[in-house]
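Undergrad: Residue numbers (my numbering): 3 to 416.
One structure, pasted below without further comment.
Structure representation (C-alpha cells):
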C-alpha cells in the first residue's frame, strides 16, 4: 500500500489515536501506579469486582479507554454518554434497557459517562437508585477533581482512581507502537521517525498521547517519501505537525527559560520574571502552567514572609483558568509582580521536609491518648486529660501535641 492509497482509505476510517486505543489492560500506556498486575484496580477488573468508579486525570491519559476496557473485560454491555449532550431522559432510557438486559441475558450494563462533572445534581440523582440496586455500573471520566466537581452522592457510591499525565517515555512508547503496527497503525507505510522527532512529539504533546498520535499521523500523511519510498519524520516536521502551536524553542531552551522564570521570582526581579513568563507563553507554553509555577513559588520562596502572596497567586490561577487569555494575563502579571516583590522565606519548604521525614520515620507510632477521638473507649487509655485551650487565658495552654518520641521537635525554630 502506498501513501496515496493509505490516505484515501483514511477517509473511511477513524483517526490514528482512535484506531490505536488499547484492546487490553496490558496494552495500556503508563498509569503503572494503578495498573500493575499486583495493583488493586488491575486485580478488581480481572476479577470483575470493580463496581462503580470514577477515573479522573488530564486529557489524553487514557481515562475513556480504561473505562471501555473495564466493560469489555467483564463481558458486560457498555453504553456511552457524554455529560455535555445527555440528560435525565437519556439516563432513564439506559437504566430501563439495563434492567431488561439483566433479566434476559444476566449481563451487567456499564454506563460510561464522559465529562461526568458536567452533570447537574438532578442528572446525577437520576442514576443513584440504579447504582445502589446494581441495575447499572457507573463509570465516569473527568478532567476535574471529582471531590470538588461532582455531587457528594455520586462520589460516595464510587471508587475514585486518579490517572497521571503520561511521561515523555510513555508517549514515545505509544508512538513507536503506532509506527510498527501493521493492522491499526502506520506499519504498512515506510515511516521512520528520528529520536529527536519522537522527543519533539512527546514534548509538545504535554502528556497527551492522543495529541501526539494526531501529530504523528499528520506528519506521515503530509511528508513526501524519499527516493527509497521512506517517509522520514525529523524534529522540525514533528514540531510543525502538532495540533498545538509549534514551540519556537527546543526542549533544552524551554527548560532553561522555565528555570530562569523560577530564579527570577526567587531573586525578587519582577521585570525579569514577567519577561521569562511571557517568553514561555509566546512560545506556546500553557499560561495555566505558568500560573501553577507562580502558586508554587508563593509558598516555596515567599511563604510566611508574606502569606498574601499565596492568595494573590491562587486568585491569578483561577483567573487564567476561568477567563482564559488575554484577560487572565493581567491577573497573572499582577501575581508575578507581587510574588517577585514580596519578602522571601523558605521556612515552609524546610518545615515540610522535616515533617515528611518525621512522619515516615514514625508511621507506626500511636497518637497520644489525650489527643485521640474520645467517642469510643480504648483499652490503652492512660487517663491523661486533654486541655481545651479556650478554657484558659487568651485561649492558650502549655500542652504537648507531638508524639512522645518527637517531643520538643520544632520545624520553625530557625
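Virtual Cβ for every residue (Gly too), placed ideally from N, Cα, C.
Since the structure is predicted, the reported quantities are computational estimates derived from the model, not experimental observations.
Taking the DSSP output, what are the residues bridged to residue 113?
TA: According to DSSP, residue 113 bridges with 81, 140.
Undergrad: What whole-angstrom Cβ distance do residue 162 and residue 36 have, given they're in contact under 8 Å?
TA: Not quite, the Cβ-Cβ distance comes to about 11 Å (not below 8 Å), so this is no contact.
Undergrad: Rounded to a whole number of angstroms, what is the C-alpha to C-alpha distance between residue 428 and residue 345?
TA: Only positions 3 to 416 of the chain appear in the structure, and residue 428 is not among them; the question remains open.
Undergrad: So, are the CB atoms of residue 209 and residue 148 less than 8 Å apart?
TA: Going by C-beta atoms, residue 209 is not nearer than 8 Å to residue 148.
Undergrad: Since residue 164 is in the beta strand (DSSP E), which residue starts that stretch and which ends it?
TA: Taken as a continuous stretch (DSSP letters only), the beta strand (DSSP E) holding residue 164 covers 161-164.
Undergrad: Do residue 22 and residue 180 come within 8 Å of each other at the CB atom, strictly closer than that value?
TA: Result yes, Cβ atoms of residue 180 and residue 22 sit closer than 8 Å.
Undergrad: Excluding sequence positions up to five away, which residues of its chain have a Cβ less than 7 Å from the Cβ of residue 307?
TA: Hits under 7 Å: 344, 345, 346, 347.
Undergrad: Give the straight-line distance between the Cα atoms of residue 116 and residue 299, rounded to the nearest whole angstrom.
TA: Whole-angstrom Cα-Cα distance: 34 Å.
Undergrad: Distance check for residue 236 and residue 197, CA to CA, integer angstroms please.
TA: Between residue 197 and residue 236, the C-alpha separation is close to 8 Å.
Undergrad: Using three-state DSSP, classify residue 63 as helix, strand or coil.
TA: Correct three-state label for residue 63: coil.
Undergrad: Touch check for the stretch 83-91 and the stretch 181-190: three-plus C-beta pairs under 8 Å?
TA: The stretch 83-91 is not in contact with the stretch 181-190.
Undergrad: In terms of DSSP beta bridges, what is residue 58 paired with?
TA: In DSSP, residue 58 forms a bridge with 144, 164.
Undergrad: Suppose you measure from the CA of residue 325 to the CA of residue 173; what does that come to, to the nearest Å?
TA: When rounded, the distance between both Cα atoms is 30 Å.
Undergrad: Work out the CA separation of residue 150 and residue 290 for me, nearest whole Å.
TA: Computed Cα separation, rounded: 19 Å.
Undergrad: So, with DSSP's three-state summary, where would you put residue 48?
TA: Reduced to three states, the DSSP call for residue 48 is helix.
Undergrad: At the level of alpha carbons, what is the spacing between residue 249 and residue 203?
TA: For residue 249, the predicted structure reports a pLDDT of 48, less than 50, and the residue's modelled location is therefore unreliable. A value from the coordinates is still provided. About 11 Å.
Undergrad: Along the beta strand (DSSP E) that carries residue 31, what are the first and last residues, could you check?
TA: Residue 31 -> no beta strand (DSSP E), and no H or E assigned at all.
Undergrad: Just the Cα atoms here: how many angstroms apart are residue 205 and residue 175?
TA: So the alpha carbons of these two residues sit roughly 13 Å apart.
Undergrad: Measuring straight from C-alpha to C-alpha, what distance separates residue 261 and residue 280?
TA: So the alpha carbons of these two residues sit roughly 14 Å apart.
Undergrad: Check whether the stretch 313-322 touches the stretch 358-374, taking contact to mean three or more Cβ pairs, one atom from each stretch, closer than 8 Å.
TA: No: the two stretches stay apart, fewer than three of their Cβ pairs being nearer than 8 Å.
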